[in-house]
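Student:
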Amino acid sequence: MTRNEILLKVASLLAEILDEDSVALSDATEAPDIPGWDSFVNINLMIAIEKALSIKFMAHEIEELRNVGDVLDTIEHKLMRGK
Amino acid sequence: MELYLPPSPNDFLERLFQLSKVASLQDRMTGLAALANFDLSPVQTKKLAKVALDTAKLLSQLELESFGFQSSPVLVLAEWTADHLIDSLVLAGLRRRILFTLTLGPYGLLHQALLSEELKRGSPRFILFLLDIERRASLVPIVDSNASAQWARRTQEEIEQLAALVRDNWKAVPIFHNFFSMDGTIFGNHEVVIDRGPAAGIARLNSALLLSSRDANFLLWDLNALVAKYGRKNIHDLRLWRNAKLLISPDAAPLAMDQLAALCGAILGMSKKVLVLDLDNTLWGGVIGDDGLNGLRLGPGSGDGESYSAFQRYVKSLSERGVILAIASKNTHEVCVTAIREHPEMLLSMEDFACFRANWNNKADNLIEIAAFLNLGLDSLVFFDDSPAERDLIRQALPMVAVPEIPRDPTYYIDCLEGGRYFESVSLSSEDEHRNLQYRENANRSAFMSESRDLSDFLRSLEMTISMRPYHPTDLVRITQLINKTNQFNLTTRRYSEADVRALGENPDNLVLSARVKDRFGDNGLVSVVIACPDLDNKSFVIDTWLMSCRVFSRQIEQSVLRSLVHRARSHGALYLVGCYVPTTKNHLAASFYPDQGFAAIAPIGETLPGAKWWRLTLDAYDEPSLLATIEEF
Numbered sequence: 000m001t002r003n004e005i006l007l008k009v010a011s012l013l014a015e016i017l018d019e020d021s022v023a024l025s026d027a028t029e030a031p032d033i034p035g036w037d038s039f040v041n042i043n044l045m046i047a048i049e050k051a052l053s054i055k056f057m058a059h060e061i062e063e064l065r066n067v068g069d070v071l072d073t074i075e076h077k078l079m080r081g082k
Numbered sequence: 000m001e002l003y004l005p006p007s008p009n010d011f012l013e014r015l016f017q018l019s020k021v022a023s024l025q026d027r028m029t030g031l032a033a034l035a036n037f038d039l040s041p042v043q044t045k046k047l048a049k050v051a052l053d054t055a056k057l058l059s060q061l062e063l064e065s066f067g068f069q070s071s072p073v074l075v076l077a078e079w080t081a082d083h084l085i086d087s088l089v090l091a092g093l094r095r096r097i098l099f100t101l102t103l104g105p106y107g108l109l110h111q112a113l114l115s116e117e118l119k120r121g122s123p124r125f126i127l128f129l130l131d132i133e134r135r136a137s138l139v140p141i142v143d144s145n146a147s148a149q150w151a152r153r154t155q156e157e158i159e160q161l162a163a164l165v166r167d168n169w170k171a172v173p174i175f176h177n178f179f180s181m182d183g184t185i186f187g188n189h190e191v192v193i194d195r196g197p198a199a200g201i202a203r204l205n206s207a208l209l210l211s212s213r214d215a216n217f218l219l220w221d222l223n224a225l226v227a228k229y230g231r232k233n234i235h236d237l238r239l240w241r242n243a244k245l246l247i248s249p250d251a252a253p254l255a256m257d258q259l260a261a262l263c264g265a266i267l268g269m270s271k272k273v274l275v276l277d278l279d280n281t282l283w284g285g286v287i288g289d290d291g292l293n294g295l296r297l298g299p300g301s302g303d304g305e306s307y308s309a310f311q312r313y314v315k316s317l318s319e320r321g322v323i324l325a326i327a328s329k330n331t332h333e334v335c336v337t338a339i340r341e342h343p344e345m346l347l348s349m350e351d352f353a354c355f356r357a358n359w360n361n362k363a364d365n366l367i368e369i370a371a372f373l374n375l376g377l378d379s380l381v382f383f384d385d386s387p388a389e390r391d392l393i394r395q396a397l398p399m400v401a402v403p404e405i406p407r408d409p410t411y412y413i414d415c416l417e418g419g420r421y422f423e424s425v426s427l428s429s430e431d432e433h434r435n436l437q438y439r440e441n442a443n444r445s446a447f448m449s450e451s452r453d454l455s456d457f458l459r460s461l462e463m464t465i466s467m468r469p470y471h472p473t474d475l476v477r478i479t480q481l482i483n484k485t486n487q488f489n490l491t492t493r494r495y496s497e498a499d500v501r502a503l504g505e506n507p508d509n510l511v512l513s514a515r516v517k518d519r520f521g522d523n524g525l526v527s528v529v530i531a532c533p534d535l536d537n538k539s540f541v542i543d544t545w546l547m548s549c550r551v552f553s554r555q556i557e558q559s560v561l562r563s564l565v566h567r568a569r570s571h572g573a574l575y576l577v578g579c580y581v582p583t584t585k586n587h588l589a590a591s592f593y594p595d596q597g598f599a600a601i602a603p604i605g606e607t608l609p610g611a612k613w614w615r616l617t618l619d620a621y622d623e624p625s626l627l628a629t630i631e632e633f
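Take a look at the structure:
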């Protein structure tokens with residue numbers, strides 16, 4: 000999975016949770032930039048990513064990932080290690 | 000983790016949108032309840048819950064009840080995050096025609112919340128306590144062998160004290176959950192044996208809570224059973240607990256809330272009473288008309304056969320605890336009867352079914368007939384049928400009937416039926432255990448009646464004995480049960496907990512009477528309850544509650560109870576009996592009861608519900624009826 004594919008996947012999962020048609024994300028996007036992306040949505044997003052990509056976040060990652068770039072880095076890293 | 004609901008329809012949003020514009024609020028609520036019976040995504044859940052709660056704001060409690068719904072405000076006092084459970088609870092309620100409106104109390108401040116006058120103004124029906132398991136369990140010492148027992152006792156006392164605060168100051172039913180161990184054990188397999196450590200303490204506490212829930216009168220939500228069935232890691236995500244104090248992970252919310260709603264539903268009288276079963280591929284594998292007796296899969300020899308046997312055994316146990324069984328099958332009657340009588344592996348017998356409809360008619364018509372025959376509403380029925388087409392038909396034709404989505408593999412039939420928590424009860428009385436027998440005896444009475452010339456002839460030949468007894472503690476469970484589930488002959492439909500009934504019964508100023516009925520066909524048990532409280536200023540007794548089981552309609556029981564009530568009220572020096580009729584969607588047959596018995600209409604007394612009609616009987620003017628039963632007064 001390329002980084003861009005991961006980005007699109009995360010965006011579509013977030014859109015589903017927020018009940019939007021689509022959400023535009025970039026590496027620099029932070030939760031407060033997207034209306035409705037609160038801490039509970041964040042938890043749901045992380046769980047959805049785990050299920051969709053068969054990975055598992057650590058507790059601090061669920062809590063601390065600050066922007067979309069960090070999320071993508073972490074996912075990329077986990078997917079790579081999985082191989 | 001499945002709720003056995005059919006998949007969400009593709010046009011869910013369109014349907015929801017159309018429903019939100021439906022002018023008839025009754026049709027709208029019914030439609031919303033039907034939508035709640037699909038397997039919805041979190042987003043869909045949220046949207047449906049919002050429309051339901053918005054609609055509920057337009058409706059008074061009485062209007063909701065007249066639509067066959069119950070409204071139920073819940074105060075949540077939480078030491079862990081519950082916000083993500085609310086929408087799921089609203090939906091789980093909607094599936095049972097209960098409208099939960101939730102208020103979250105101040106986080107972590109249980110005692111303060113219980114003293115709050117502001118929260119009290121919300122008049123909650125239930126107070127749900129969500130306790131921090133980890134904080135309490137971390138206090139279990141492992142040093143000496145008494146420590147886990149002491150910890151369990153202290154925690155039990157803490158819970159009982161909270162329950163007592165609710166009981167003394169609120170008109171609400173407290174709900175507590177039991178505990179599970181987040182840490183596992185300190186000592187491993189041997190922990191519970193040596194009785195030290197958190198798992199040992201929690202095991203002790205959980206069994207202690209079973210007893211205190213009865214004595215301290217709170218409802219116990221068996222969270223631990225959920226954890227045992229689905230696995231702790233599927234119910235509880237430790238990361239989310241540590242990060243955000245979510246005890247129940249978002250994925251498990253629909254399931255957990257469904258179980259909680261079922262528990263509340265039992266108190267609200269919304270549990271189901273009848274299990275209507277199909278035969279082919281439901282009670283046995285194969286089609287009797289095609290495969291013949293020897294071609295059926297049932298009993299040892301195949302996995303499926305074992306599963307059908309296990310399902311029959313489960314259904315039989317349900318019947319033994321008081322769930323009424325009925326058959327609705329598209330089949331030739333004689334072929335089915337032969338199969339049930341002659342197949343050596345059949346566990347259920349013809350005598351287990353209170354009503355048997357094997358014919359080629361439309362199943363919706365059969366269900367309507369079954370409900371009418373049993374004298375129960377269609378909303379008392381659960382329809383269990385392997386055919387998706389029949390299920391679809393019933394869902395559309397009779398939306399008030401519960402229709403679980405049956406798995407294709409019979410291995411999971413029990414899981415599906417059990418998981419739906421349709422027949423949840425909060426008490427078990429000896430009447431429950433004899434219910435099927437009583438309904439069968441009733442069928443005998445019906446046959447007998449059609450042979451009798453007229454009603455009084457019939458009543459005389461029944462050789463009835465009616466025993467009138469003042470409140471006795473041994474009747475507490477049955478009286479409470481009748482109060483909470485009788486809908487048809489129920490003048491006021493007030494629901495009371497065991498503690499309420501005990502308080503009313505033990506007050507010597509009140510008249511709390513029960514009637515038992517026996518006849519030549521059997522013992523009907525305790526079938527009627529009346530509660531009257533004195534109004535000294537007006538020299539009268541006011542009838543707070545009067546109800547009677549539908550099994551004994553039209554048998555002069557109500558006249559016998561009235562006679563007893565009149566005599567007892569007179570001996571207390573009263574001059575009048577005052578009663579009121581509060582209409583609901585189900586009790587119209589009692590609407591003219593008071594005037595029929597010679598009561599005269601009067602102006603409403605005190606605080607009164609809209610639609611209520613008030614009546615008064617002057618005891619001096621009471622005409623003794625001629626009764627065709629032997630009356631015993633105790």
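Chains as they are written, first to last, in numbering that gives the first Met the number 0: chain A, 0 to 82; chain B, 0 to 633.
Even for Gly, the Cβ is constructed at its ideal location relative to N, Cα and C.
Closer than 9 Å by beta-carbon distance: list the chain A residues that pair up with B/VAL42, in chain order.
Tutor: The residue labelled residue 42 of chain B in the question sits at position 43 within the second sequence. The contacting residues are GLU15, ILE16, LEU17, ASP18.
Student: Since B/PHE217 and B/ALA162 should fall inside the 8 Å C-beta cutoff, what is the C-beta to C-beta distance between them, to a whole number of angstroms?
Tutor: As a first step, residue 217 of chain B must be located in the second sequence, where it is residue number 218. As a first step, residue 162 of chain B must be located in the second sequence, where it is residue number 163. B/PHE217 to B/ALA162, Cβ: 4 Å. Contact.
Student: Can you name the residues that DSSP bridges to B/LEU458?
Tutor: For the purposes of this step, residue 458 of chain B is taken as the residue at position 459 of the second sequence. B/LEU458 pairs with nothing; no bridge assigned.
Student: Check whether the Cβ of A/ALA58 lies closer than 8 Å to any Cβ atom in chain B.
Tutor: As a position in the first sequence, residue 58 of chain A is number 59, starting the count at 1. It does: the Cβ of A/ALA58 has a partner Cβ on chain B nearer than 8 Å.
Student: Are three or more beta carbon pairs between the segment 368-388 of chain B and the segment 222-237 of chain B nearer than 8 Å?
Tutor: Output reads no: the segment 222-237 of chain B does not touch the segment 368-388 of chain B.
Student: Could you tell me how far apart the beta carbons of B/SER636 and B/ASP277 are, in whole angstroms, since I believe they sit closer than 8 Å?
Tutor: This structure does not reach residue 636 of chain B, given that chain B is present from 0 up to 633, and the question cannot be answered.
Student: Between B/PHE66, B/ASN361, B/ALA531, which lies nearest to B/LEU392 when the distance is taken from Cα to Cα?
Tutor: Residue numbering aside, residue 392 of chain B sits at position 393 when the second sequence is read from its first letter. Ranking the options by Cα distance to B/LEU392, first place goes to B/ASN361.
Student: Using 8 Å for Cβ pairs, my map puts B/PRO253 next to B/LEU2. What's the rounded Cβ distance?
Tutor: What you label residue 253 of chain B is simply residue 254 of the second sequence in a count that begins at 1. What you label residue 2 of chain B is simply residue 3 of the second sequence in a count that begins at 1. That belief holds up - the Cβ atoms of B/PRO253 and B/LEU2 are roughly 6 Å apart, short of 8 Å.
Student: If we count Cβ pairs, one from each stretch, closer than 8 Å, do we get three or more for the segment 501-510 of chain B versus the segment 281-290 of chain B?
Tutor: These segments do not touch.
Student: Could you give the C-beta distance for B/SER328 and B/ASP279, rounded to a whole number, given that I count them as a contact under 8 Å?
Tutor: One-based indexing of the second sequence puts residue 328 of chain B at position 329. One-based indexing of the second sequence puts residue 279 of chain B at position 280. Confirmed, Cβ separation roughly 7 Å.
Student: Could you give the first and the last residue of the continuous alpha helix (DSSP H) run that contains B/MET467?
Tutor: Taking the second sequence and counting its residues from 1, the one referred to as residue 467 of chain B is at position 468. Premise fails: B/MET467 lies in the beta strand (DSSP E), 464-469, not in any alpha helix (DSSP H).
Student: Take B/GLY572 and list the residues in its own chain whose beta-carbon comes closer than 8 Å to its own, dropping the five residues that flank it on each side.
Tutor: For the purposes of this step, residue 572 of chain B is identified with residue 573 of the second sequence, where counting begins at 1. Cβ neighbours of B/GLY572 beyond the five flanking positions: LYS538.
Student: Please say whether B/VAL526 and B/SER548 have beta carbons closer to each other than 8 Å?
Tutor: In the second sequence, counting from the first residue as 1, residue 548 of chain B sits at position 549. In the second sequence, counting from the first residue as 1, residue 526 of chain B sits at position 527. Yes, these two residues count as a Cβ contact at 8 Å.
Student: Kindly provide the ranges of any alpha helix (DSSP H) runs that are 4 or more residues long and lie completely inside the segment 86-139 of chain B, ordered along the chain.
Tutor: Segments of the alpha helix (DSSP H) lying fully in the segment 86-139 of chain B: 109-113, 116-119, 132-136.
Student: On the DSSP bridge assignment, give the partners of B/ASP38 in chain order.
Tutor: Translated into the one-based positions of the second sequence, residue 38 of chain B becomes position 39. Partner(s): B/PRO6.
Student: Going along chain A in order, which residues have a C-beta closer than 9 Å to the C-beta of B/ASP250?
Tutor: Here residue 250 of chain B refers to the residue found at position 251 of the second sequence. ILE46, LYS50, listed in chain order.
Student: Please check if any C-beta of chain A sits within less than 8 Å of the C-beta of B/ALA243.
Tutor: Along the second sequence, read from residue 1 onward, the residue named residue 243 of chain B stands at position 244. B/ALA243 belongs to the set of residues whose beta carbon lies under 8 Å from a beta carbon in chain A.
Student: With distances taken from CA atoms, which of B/ARG567, B/SER563, B/ILE601 is nearest B/TYR580?
Tutor: As a first step, residue 580 of chain B is located in the second sequence; it is residue number 581 there, counting from the start. Closest option to B/TYR580, Cα to Cα, is B/ILE601.
Student: If you draw a straight line from the C-alpha of B/GLN155 to the C-alpha of B/HIS110, how long is it?
Tutor: For the purposes of this step, residue 155 of chain B is identified with residue 156 of the second sequence, where counting begins at 1. For the purposes of this step, residue 110 of chain B is identified with residue 111 of the second sequence, where counting begins at 1. Near 16 Å, if we compare the C-alpha coordinates of B/HIS110 and B/GLN155.
Student: Whose CA, out of A/ASP20, A/VAL22, A/ILE42, lies closest to the CA of B/HIS83?
Tutor: By 1-based counting over the second sequence, the position of residue 83 of chain B is 84. Among A/ASP20, A/VAL22, A/ILE42, the Cα nearest to that of B/HIS83 is on A/ILE42.
Student: Measure the C-alpha to C-alpha separation of B/ASN374 and B/ARG550 and round it to an integer number of angstroms.
Tutor: One-based indexing of the second sequence puts residue 374 of chain B at position 375. One-based indexing of the second sequence puts residue 550 of chain B at position 551. The straight-line gap from Cα to Cα measures roughly 7 Å.
Student: Identify, in the order they occur along the chain, each residue of the same chain with its Cβ nearer than 6 Å to the Cβ of B/ALA55, setting aside the five sequence neighbours on each side.
Tutor: Locating residue 55 of chain B in the second sequence gives position 56, counting from the first residue. Result list for B/ALA55: LEU98, in chain order.
Student: If we require 3 or more residues per run, which beta strand (DSSP E) segments fall completely within the segment 311-370 of chain B?
Tutor: 323-329, 352-358
Student: On the CB-based measure, 16 or more other CB atoms within 10 Å of its CB, does B/GLN160 come out buried or exposed?
Tutor: By one-based count along the second sequence, residue 160 of chain B stands at place 161. So B/GLN160 counts as exposed.
Student: The beta strand (DSSP E) spanning B/ARG407 covers which residue range?
Tutor: Residue 407 of chain B sits at position 408 when you count from the first residue of the second sequence. Note, B/ARG407: premise wrong, no beta strand (DSSP E); not H, not E.
Student: Whose Cβ in chain B lies nearer than 8 Å to the Cβ of A/ILE61?
Tutor: For the purposes of this step, residue 61 of chain A is identified with residue 62 of the first sequence, where counting begins at 1. Neighbours of A/ILE61 in chain B, taken as residues at a C-beta separation under 8 Å, are given in chain order as ARG238, LEU239, ASN242.
Student: Which residues, in order along the segment 29-44 of chain A, keep a beta-carbon less than 8 Å from a beta-carbon of chain B?
Tutor: Hits within the stretch, in order: SER38, PHE39, ILE42, ASN43.
Student: What's the C-alpha gap between A/ASP69 and B/ASP236?
Tutor: Reading the first sequence from its first residue, position 70 is the one you call residue 69 of chain A. Reading the second sequence from its first residue, position 237 is the one you call residue 236 of chain B. Distance between the alpha carbons of A/ASP69 and B/ASP236: 23 Å.
Student: Between the segment 574-604 of chain B and chain A, which residues of the former have CB atoms less than 7 Å from a CB of the latter, in chain order?
Tutor: none
Student: I want to see whether chain A comes within less than 8 Å of B/ASP257, judged by CB atoms only; does it?
Tutor: Working through the second sequence from its first residue, we reach residue 257 of chain B at position 258. So no, B/ASP257 is outside the interface.
Student: Could you give the residue range of the alpha helix (DSSP H) that holds B/ARG14?
Tutor: Within the second sequence, the letter at position 15 stands for residue 14 of chain B. That run of the alpha helix (DSSP H) goes 11-19.
Student: List the residues of chain A that B/ASP82 touches, going by C-beta distances under 8 Å, in chain order.
Tutor: As a working mapping, residue 82 of chain B is identified with position 83 in the second sequence. Going along chain A in sequence order, the residues near B/ASP82 (Cβ under 8 Å) are PHE39.
Student: Within 8 Å, do at least three Cβ pairs link the segment 55-69 of chain B to the segment 218-227 of chain B?
Tutor: Three or more Cβ pairs closer than 8 Å define a contact, and the segment 218-227 of chain B falls short of that threshold against the segment 55-69 of chain B.
Student: Taking the beta strand (DSSP E) that B/SER211 falls in, what are its first and last residues?
Tutor: Here residue 211 of chain B refers to the residue found at position 212 of the second sequence. Where B/SER211 is concerned, there is no enclosing beta strand (DSSP E), although the alpha helix (DSSP H) it sits in stretches over 197-214.
Student: Measuring straight from C-alpha to C-alpha, what distance separates B/VAL336 and B/LEU475?
Tutor: As a working note, residue 336 of chain B is residue 337 in the second sequence. As a working note, residue 475 of chain B is residue 476 in the second sequence. Between B/VAL336 and B/LEU475, the C-alpha separation is close to 40 Å.
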